[in-house]
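In my numbering, the protein residues as written are 19 to 459.
Just so it is clear, CB atoms sit at the ideal spot from N, CA and C, and this is done for glycine as well.
As the structure is a computational prediction, the values presented were derived from the model and not from experiment.
Heads up, the thing below is written out as structure tokens.
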């Protein structure tokens, strides 16, 4: 299958500290909310202060489209925290509100609830926290609610001691249900099977991918795979296709699995960089987003692999504007075809999203971004695709004109580590019978 495909940057935000995780809120009333977490290692300066400290900051943003001349991302809140290794929103409301989970370098799992003031402003408020272990880092978390089921809300968390913990959330309080030693070294990732939430997967720096049945207890995994040749650092259960699992590793491979046969993967796709995070598209069952550390962010189309072809999944789009380790990435469920849920009524902008053919003006907020793209004319007006740009503008492949406008639009975010950058971007795409080169900007 050939594709028309284009990625376009909408905004760049300097997080000041190294950025490693971004998460759009999946709760319908808050699809316009984005959280970003950072991790900064502060080395000791003298003999008396030789122990390094890890600090972080949690950002909360709102995505707005009140006009093409305004940055779409608005910062709502920043909060100094311990260093953040992972963030995940619960997929369903808890006690009527969205809840964000945070894996912290203090070995804690911290929960925050999204609250709204009488004036309409939204912010995160501490809800509950629980230490999964002393002298360790909490490295990842996942919620049992991936298929939008709210009964028996639980969280799985992995840590730097190689342990996996399962916790319950009832009446706003975290309670530990079980914890066990799962891996010999760091347990980089843990995840639920969204179709059978008694099944938990874990991956570690011992190069092993393991499955656990909580009904049988943690004394022995139900499978152990050594198919990855380096540390396993990403796992995501497909919320649309039962039994389908995606895993990624420092070995730069994305493997797709049928959970009923973990002896051999369905497909293996080389990514050119360690696969730190994998995210299935929230509505399209065959699309998989991969954050590939030294090799940017890529979207894979997995349909043929899931149908048994056995071949590598083709990359249908790439986002290459980051200049450092590609760590955090996520899809938004916010529709680009209608206003954001929380956007207040406003005067009709001079150039609306619909009137401009789906274009949003690019906004650069950081002087440290080293790429150079000019999408404004001399008067500061946005230059849409298909219009001749100044000679200083880098050229890409053929533009998608209005007659060939893509049928699907996705909003995404990504972040990179050492250059501490958060990007918000969109992907426009449609299947097509004739081959087209994907465009990147």
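Taking all protein chains shown into account, do 16 or more other C-beta atoms lie within 10 angstroms of the C-beta of residue i, making it buried, or fewer, making it exposed?
{"i": "residue 446", "result": "buried"}
{"i": "residue 366", "result": "Any answer about residue 366 is weak, because its pLDDT of 32 lies below 50 and its placement is not dependable; what the coordinates show is given next. Exposed, because fewer than 16 other Cβ atoms sit within 10 Å of the Cβ of residue 366."}
{"i": "residue 337", "result": "buried"}
{"i": "residue 262", "result": "buried"}
{"i": "residue 104", "result": "buried"}
{"i": "residue 179", "result": "buried"}
{"i": "residue 310", "result": "buried"}
{"i": "residue 312", "result": "exposed"}
{"i": "residue 114", "result": "exposed"}
{"i": "residue 25", "result": "buried"}
{"i": "residue 29", "result": "buried"}
{"i": "residue 234", "result": "exposed"}
{"i": "residue 74", "result": "buried"}
{"i": "residue 102", "result": "buried"}
{"i": "residue 409", "result": "Any reading at residue 409 is ruled out, since the residue's pLDDT is 30, under 50, leaving its predicted position unreliable."}
{"i": "residue 22", "result": "buried"}
{"i": "residue 38", "result": "buried"}
{"i": "residue 376", "result": "Only weak support exists for where residue 376 lies, its pLDDT of 35 falling under 50; the value from the coordinates is given anyway. Buried, by the Cβ-count rule."}
{"i": "residue 373", "result": "Residue placement at residue 373 is flagged as unreliable, the pLDDT there being 31, under the threshold of 50; a coordinate-derived value is accordingly withheld."}
{"i": "residue 137", "result": "exposed"}
{"i": "residue 164", "result": "buried"}
{"i": "residue 225", "result": "buried"}
Just how far apart, CA to CA, sit residue i and residue j?
{"i": "residue 158", "j": "residue 425", "result": "35 angstroms"}
{"i": "residue 31", "j": "residue 223", "result": "32 angstroms"}
{"i": "residue 194", "j": "residue 257", "result": "25 angstroms"}
{"i": "residue 331", "j": "residue 280", "result": "19 angstroms"}
{"i": "residue 150", "j": "residue 48", "result": "29 angstroms"}
{"i": "residue 428", "j": "residue 344", "result": "19 angstroms"}
{"i": "residue 130", "j": "residue 327", "result": "43 angstroms"}
{"i": "residue 36", "j": "residue 206", "result": "18 angstroms"}
{"i": "residue 283", "j": "residue 192", "result": "35 angstroms"}
{"i": "residue 96", "j": "residue 320", "result": "37 angstroms"}
{"i": "residue 273", "j": "residue 285", "result": "6 angstroms"}
{"i": "residue 189", "j": "residue 59", "result": "35 angstroms"}
{"i": "residue 401", "j": "residue 27", "result": "Per-residue confidence for residue 401 stands at a pLDDT of 33, beneath the threshold of 50, marking its modelled position as unreliable; the derived number appears in the next sentence. Distance between the alpha carbons of residue 401 and residue 27: 14 angstroms."}
{"i": "residue 116", "j": "residue 215", "result": "20 angstroms"}
{"i": "residue 229", "j": "residue 208", "result": "10 angstroms"}
{"i": "residue 46", "j": "residue 352", "result": "9 angstroms"}
{"i": "residue 432", "j": "residue 242", "result": "31 angstroms"}
{"i": "residue 299", "j": "residue 266", "result": "16 angstroms"}
{"i": "residue 181", "j": "residue 196", "result": "10 angstroms"}
{"i": "residue 449", "j": "residue 335", "result": "12 angstroms"}
{"i": "residue 44", "j": "residue 80", "result": "13 angstroms"}
Answer yes or no: do residue i and residue j have a C-beta to C-beta separation smaller than 8 angstroms?
{"i": "residue 107", "j": "residue 349", "result": "no"}
{"i": "residue 354", "j": "residue 278", "result": "no"}
{"i": "residue 139", "j": "residue 91", "result": "no"}
{"i": "residue 118", "j": "residue 53", "result": "yes"}
{"i": "residue 252", "j": "residue 307", "result": "no"}
{"i": "residue 171", "j": "residue 155", "result": "no"}
{"i": "residue 124", "j": "residue 100", "result": "yes"}
{"i": "residue 249", "j": "residue 268", "result": "yes"}
{"i": "residue 259", "j": "residue 322", "result": "no"}
{"i": "residue 236", "j": "residue 198", "result": "yes"}
{"i": "residue 315", "j": "residue 255", "result": "no"}
{"i": "residue 291", "j": "residue 270", "result": "yes"}
{"i": "residue 127", "j": "residue 185", "result": "yes"}
{"i": "residue 135", "j": "residue 143", "result": "no"}
{"i": "residue 276", "j": "residue 342", "result": "no"}
Out of the options, which one is the CA nearest neighbour of residue i?
{"i": "residue 288", "options": "304, 432, 317", "result": "317"}
{"i": "residue 430", "options": "273, 51, 47", "result": "51"}
{"i": "residue 34", "options": "28, 55, 23, 46", "result": "55"}
{"i": "residue 183", "options": "44, 59, 217", "result": "217"}
{"i": "residue 110", "options": "347, 232, 162", "result": "162"}
{"i": "residue 40", "options": "437, 347, 436", "result": "347"}
{"i": "residue 440", "options": "45, 232, 77, 72", "result": "77"}
{"i": "residue 340", "options": "270, 137, 435, 294", "result": "435"}
{"i": "residue 176", "options": "169, 164, 351, 202", "result": "202"}
{"i": "residue 227", "options": "246, 238, 235, 237", "result": "246"}
{"i": "residue 83", "options": "442, 448, 449", "result": "442"}
{"i": "residue 120", "options": "449, 112, 160", "result": "160"}
{"i": "residue 174", "options": "145, 133, 221, 142", "result": "221"}
{"i": "residue 70", "options": "204, 181, 153", "result": "153"}
{"i": "residue 168", "options": "112, 79, 98, 44", "result": "112"}
{"i": "residue 200", "options": "213, 145, 61, 238", "result": "238"}
According to DSSP, residue i sits in a beta bridge with which residue or residues?
{"i": "residue 293", "result": "None; residue 293 has no bridge partner."}
{"i": "residue 335", "result": "317"}
{"i": "residue 97", "result": "76"}
{"i": "residue 436", "result": "Paired residues: none, contrary to the question."}
{"i": "residue 106", "result": "119"}
{"i": "residue 279", "result": "276"}
{"i": "residue 430", "result": "349, 443"}
{"i": "residue 488", "result": "The first residue shown for the chain is 19 and the last is 459, placing residue 488 beyond what the model contains."}
Does residue i have its Cβ less than 8 angstroms from a Cβ in chain B?
{"i": "residue 45", "result": "Included in the structure is just one protein chain, with no chain B present."}
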